[in-house]
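Chains X, E and Z, in that order, give the protein sequences. All residue numbers for the first sequence refer to our numbering, where the first residue is 1 and numbers rise by one. All residue numbers for the second sequence refer to our numbering, where the first residue is 292 and numbers rise by one. All residue numbers for the third sequence refer to our numbering, where the first residue is 606 and numbers rise by one.
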Amino acid sequence: MLEYSLLAGILFGLYFGLVALGLNLIFGVMKIVNLAHGDFLMLGGYGAYIVFTDFHVNPLITLLVEIVIFVLIGFPLYYLLVPRLQASRDPEMLSLILFFGLSQVIEALATLRFGSSERSIPGTVLGDGPISLFQQTFPVAWVVSGAISLLAVGAIYIYLYRTRIGQLTRAVMAQREEALSTGIDVQRISAIAFGIGIAGAAVAGVLSPFMMGSITPSMGVGITITSFAVIVIGSLGNPLGTVAGGIIYGVALMFMQTYFSSWANLLPYLLLIAILLVKPTGLFGRRMRNA
Amino acid sequence: MRRLAVRPAPKRLIPMLVILVAVVAAFAAAPRVYSNQLLLFNTIVYLVLAQGLNIIYGFTGYLPFGYVGFFGAGAYGFSLAVLHWHTPPLAALALGTLVAIILALILTPLLRLSGAYFAVANLAASEAVLQIVSNPNLTDFTKGPYGISLEKIYNPTLSYGAAVVTLAFTLAIVVYLKSSRFGLALQAIREDPISAGMAGVNVVRGRVLAWLMSALVAGLIGGIFAWYVSVFYPETVFDLSVSIFAIVFALFGGTATLVGPILGVLILYGIYNVIGISTPAYFQLIYGLLIVLLILFLPNGIVSLIDRGTRRVP
Amino acid sequence: MSREGSSGAGRPPILAVEHLVKRFGGFRALDGVGFTLNAGEILGLVGPNGSGKTTCINVISGIYRPDGGRVLLDGHAAGGLPSHRLVRLGVNRTFQVPKPFLAFTVRENVEIAVAYGRDPHADPREFIAFAGLGDVVERQAATLNSAQQKMLDLARALSTRPRLLLVDELAAGLNPSELEVVAEKLISLTHLGIALVVVEHLLGFIDRIAHRVVVMNAGRDIFHGGLGEASRDPQVIEVFLGG
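Below is the structure:
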């Protein structure tokens, strides 16, 4: 039981690291909390669901297509919304409200288009039979999702630390003002990060029917809060910190579901509040966030 | 002799009192001439919530996405007092309000957080309260997910009256904040908390008082809502869209003013009901778009069309 | 402990800073700095960038809590008190980057400080006039230029009737004639018995107004005395020139 909870928690944790990755990247680069994060994830999930039910395409293929599509959506969306916000008097609060509005728009459109009932994709689509890990058996989908999460985090890591644009991205993360003054095209770097951020949400979304059991248009808000909890547990602006935050969250969730199942829904909310209050710098970070 | 420091002039106070009296009188008299009392009641609820949000967001800059948590706490505090202890409605309202204030006190540490952290943590807090109230394990006490039914005390006339009184009380708080040095101090905290401290303002005390005042009015109107409708589910009184509506109404009109949130509610909630769309998703779509457009093109609300600096608007 | 400047009259100095320590993570921004100041005196606080001058003012004005050492006002411990309490005790300050309430008018900026300061019946116009902002009383602070915003900071600080005024780089960016006006204003404050700590890079300005200076380096006080002697002190020369 204990080993099972622990391993399942790690698999889920890797996935939650992926869920929160894009939110963290966008926050790190442009200091904007994308409150529509969970809704982009939901769209990614519906994309996979519809392509699977209508055309019987494997979600893993949809996943690759969605990365391209969401990066391409992210670009114009960034230029439409963010530069105007950053010129305003209080970009942080206004962006929060604006992306909250965007979240409502996406949820409403999804409800109108897909209906409000729950949708799911059978787990066997990703492979047959349970997989054994350390004498414990898990659904294939969990293991596949964990592996994809690792790949995605690895890709972000390589992007940030092994490419030219990634290097510039880190410069913008560390010192936006100085990056501007040294002539880095901050807008372009930010637009790319925005695209990658929501593409990350979409990737997590493709896997969400398997990891969360089902998807609905209204799942976004809860996912956004959970993601926020994960990046707060980890550290802001650091992809590896997000994975650590995800694993801590995933293990805690599994133990809650095993031993206090009826209260497990409370976990993300209480964890978020507790960490913000007790260790406002996150478990692995030291950024100030007090008023 | 030294002259007294120039206080906010009474000439600013009088128009605000006129607006207060006119709005309250209109809602007190309206049921005699307009038959849809539920619509009037809901309008009052949103006027109170939009102004309550204005108290904390407009004057101190804290945006409580989970503002509905106080509304729900008031509704449940009221209902549980009636159900378990057969408390008379007015006393139960006091208890419901107290529950909301206690919740606000528990959440006071959130005020240490800045901007987005406060907003999201507050949203999480209201979701947590909903999860607790609707948990099946607590059905004996809270009725869990099955909701509340209070037919025995159903009294639309009296509860409508209570709502009108609450509206007057809430508007009076905003008038006070617009015309007192305490209100100016809160806005100074919003502008720059460090400078506010150097102006001699007790920043922590100011924030906490504004927070408790805004929780108080939301809890009170939440209890009255429970009384008026008398049958509801946890999702009804902890519905995130209640927070959204209050935020949109206040923002649309213009925060840190008396007339802004009133205009916001009357115009937007009016349109909402006149159009009478029956699919909630369309509302959500329209309100979401409205938020986006407001932030992009009119971040200080429609009152900023009248005057560039909204601080002069009553 | 007694350093130069503490009067022998038996009254404690208006401000005594003793072995003050302030850490940010592992970095010691203040590492045992100490000095005293009497009523009507102007102390220049000088030192290279990052030597801890502004941090010192931030601790004395209650923006940071000290991690060690003491701040004494009239001999009473005042370290770690919130800003508004210190304002009541007679401390105020200006900011290097001015921090007025941008949405407020000049008059409101001053009114709020009068209302919550030590003399709620004072006339705000007195401070506005002193700061030379009489022509812009009804302007929004956001529309003022940076020199005007600095003077508004000064007006707001004086509105609470401080006995100890901490001035953080008020002179930077002013032209010579403006400098002279500001120097005279600050000196005139000492005639009211106000004590001033002046942080400044312009040594000519310090020379014009300060009775004595404390030179800081790496969070410590390395020299107390006149500016002239300081310029001949080998340790000070080392810090300023040797980097």
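Even glycine gets a Cβ: it sits at the ideal position worked out from N, Cα and C.
message = I'd like to confirm the pairing. Which residues does DSSP put opposite I439 of chain E in its beta bridges?
response = In the DSSP output, where bridge partners are listed per residue, I439 of chain E has E:F523.
task = Pull up the distance between the alpha-carbon of V314 of chain E and that of V520 of chain E, whole angstroms please.
result = V314 of chain E and V520 of chain E: Cα-Cα distance of roughly 23 Å.
request  = Kindly say whether R498 of chain E, judged by its beta-carbon, lies nearer than 8 Å to any beta-carbon of chain Z.
outcome  = Contact of R498 of chain E with chain Z is not assigned, every C-beta pair being separated by 8 Å or more.
key: Closest by C-alpha distance to H689 of chain Z, when choosing among E:S326, E:V494 and E:D530   = Comparing Cα-Cα distances from H689 of chain Z to each of E:S326, E:V494 and E:D530, the minimum goes to E:V494.
Cα-Cα separation between V522 of chain E and S440 of chain E, rounded to whole angstroms = Distance between the alpha carbons of V522 of chain E and S440 of chain E is about 4 Å.
query = Of all the alpha helix (DSSP H) runs that stay within the bounds of the region 746 to 812 of chain Z, which reach a length of 4 or more residues?
reply = Positions of the alpha helix (DSSP H) runs, each at least 4 residues long and wholly inside the region 746 to 812 of chain Z, are given as 751 to 764 and 781 to 795 in order along the chain.
ask   = Which of the residues in the region 104 to 120 of chain X, read from start to end, lie with their CB under 9 Å from any CB of chain E?
value = Of all residues in the region 104 to 120 of chain X, only Q104, V105, I106, E107, A108, L109, A110, T111, L112 and S116 come within less than 9 Å of chain E when Cβ atoms are compared, listed by chain position.
Chain-ordered chain Z contacts of A476 of chain E [CB-CB under 7 Å] = Contact of A476 of chain E with chain Z by beta-carbon distance below 7 Å involves I717 and Y721.
inquiry  = For the region 654 to 668 of chain Z, list every residue whose C-beta sits within 8 Å of some C-beta in chain E, in sequence order.
reply    = Residues of the region 654 to 668 of chain Z with a Cβ closer than 8 Å to any Cβ of chain E, in chain order: S666, G667 and I668.
query = Is any beta-carbon of chain Z found at less than 8 Å from that of G343 of chain E?
reply = Chain Z, which has no Cβ nearer than 8 Å to the Cβ of G343 of chain E, makes this no.
message = Quick check: what's the CA-CA separation for A621 of chain Z versus A644 of chain Z?
response = So the alpha carbons of these two residues sit roughly 12 Å apart.
ask   = Is K711 of chain Z close to chain E, meaning its C-beta is less than 8 Å from at least one C-beta of that chain?
value = Per the sequence shown, residue 711 of chain Z should be read as Val rather than Lys. Not a single CB atom of chain E sits nearer than 8 Å to the CB of V711 of chain Z.
ask   = Using a Cβ-Cβ distance under 8 Å, would F255 of chain X count as near chain E?
value = F255 of chain X is outside the set of residues whose beta carbon lies under 8 Å from a beta carbon in chain E.
request  = Compute the Euclidean distance between the alpha carbons of Q701 of chain Z and D773 of chain Z, then round it to the nearest angstrom.
outcome  = Pairing Q701 of chain Z with D773 of chain Z, the inter-Cα distance amounts to about 5 Å.
key: Within chain E, the residues that P705 of chain Z reaches when beta carbons sit closer than 9 Å   = Within 9 Å Cβ-Cβ: E482, D483 and S486.
message = Taking 8 Å as the threshold (C-beta atoms), are L344 of chain E and L462 of chain E in contact?
response = Remark: C-beta atoms of L462 of chain E and L344 of chain E do not approach each other more closely than 8 Å.
query = How many Å lie between S262 of chain X and A479 of chain E at the Cα?
reply = CA-to-CA, the gap between S262 of chain X and A479 of chain E works out to about 45 Å.
ask   = To which residues does DSSP link G649 of chain Z through a beta bridge?
value = Note: G649 of chain Z sits in a beta bridge opposite Z:V803 and Z:V818.
ask   = Which bits of chain X does Y578 of chain E rub up against, with CB to CB less than 8 Å?
value = For Y578 of chain E, the chain X residues whose Cβ falls inside 8 Å of its Cβ are G101 and Q104, in order along the chain.
ask   = Does the region 326 to 336 of chain E come within contact of the region 352 to 361 of chain E, defined as at least 3 CB pairs closer than 8 Å?
value = These segments do not touch.
query = Along the chain, where does the alpha helix (DSSP H) that runs through N269 of chain E open and close?
reply = Outside the modelled stretch of chain E, which goes from 292 to 605, sits residue 269 of chain E, for which no answer is possible.
query = Nearest to L2 of chain X by CA position, among X:L271, X:L266, X:P268 and X:Q257, is which residue?
reply = When each option's Cα is compared against that of L2 of chain X, the closest is X:Q257.
query = Hey, out of E:T570, E:R496, E:I535 and E:K469, whose CA is closest to P306 of chain E's CA?
reply = It is E:K469 whose Cα lies nearest to the Cα of P306 of chain E.
key: For R675 of chain Z, the first and last residue of its enclosing beta strand (DSSP E)   = Unbroken beta strand (DSSP E) run through R675 of chain Z: G673 to L678.
query = For L587 of chain E, which option in X:L81, X:V230 and X:F210 has the closest C-alpha, if you only look at C-alpha atoms?
reply = Of the listed residues, the one whose Cα sits closest to L587 of chain E is X:L81.
query = What does DSSP give as the partner residues of A828 of chain Z in its beta bridges?
reply = Reading the sequence as shown, one finds Phe at residue 828 of chain Z and not Ala. Under the DSSP definition of a beta bridge, F828 of chain Z partners with Z:V820.
query = If we count the other Cβ atoms within 10 Å of its Cβ and call it buried at 16 or more, is S116 of chain X buried or exposed?
reply = Here S116 of chain X is exposed, its C-beta having fewer than 16 other C-beta atoms within 10 Å.
message = Please list, in chain order, the chain E residues whose beta carbon lies closer than 9 Å to that of V702 of chain Z.
response = Chain E residues near V702 of chain Z: none, gap ~11 Å exceeds 9 Å.
message = Cβ closer than 7 Å: which chain E residues qualify as neighbours of R698 of chain Z?
response = Taking a Cβ-Cβ threshold of 7 Å, the residues of chain E close to R698 of chain Z are M489, in chain order.
query = With DSSP run on the structure shown, which of helix, strand or coil describes Q136 of chain X?
reply = Strand.
key: Buried or exposed by the 16-neighbour rule on C-beta atoms within 10 Å, applied to E805 of chain Z   = By the neighbour-count rule (16 or more Cβ atoms within 10 Å), E805 of chain Z is buried.
ask   = Which of the residues in the region 206 to 221 of chain X, read from start to end, lie with their CB under 7 Å from any CB of chain E?
value = Against chain E - using a Cβ distance shorter than 7 Å - the residues of the region 206 to 221 of chain X are V221.
inquiry  = For T169 of chain X and G555 of chain E, what's the separation of their Cα atoms in angstroms?
reply    = Distance between the alpha carbons of T169 of chain X and G555 of chain E is about 41 Å.
message = Looking at G357 of chain E: is its Cβ nearer than 8 Å to the Cβ of G510 of chain E?
response = No, these two residues do not count as a Cβ contact at 8 Å.
query = Tell me the DSSP bridge mates of E623 of chain Z?
reply = Bridge partners of E623 of chain Z: Z:R675.
ask   = Secondary structure at V585 of chain Z, three-state DSSP: helix, strand or coil?
value = Beyond the ends of chain Z as shown, which are 606 and 848, falls residue 585 of chain Z; an answer cannot be given.
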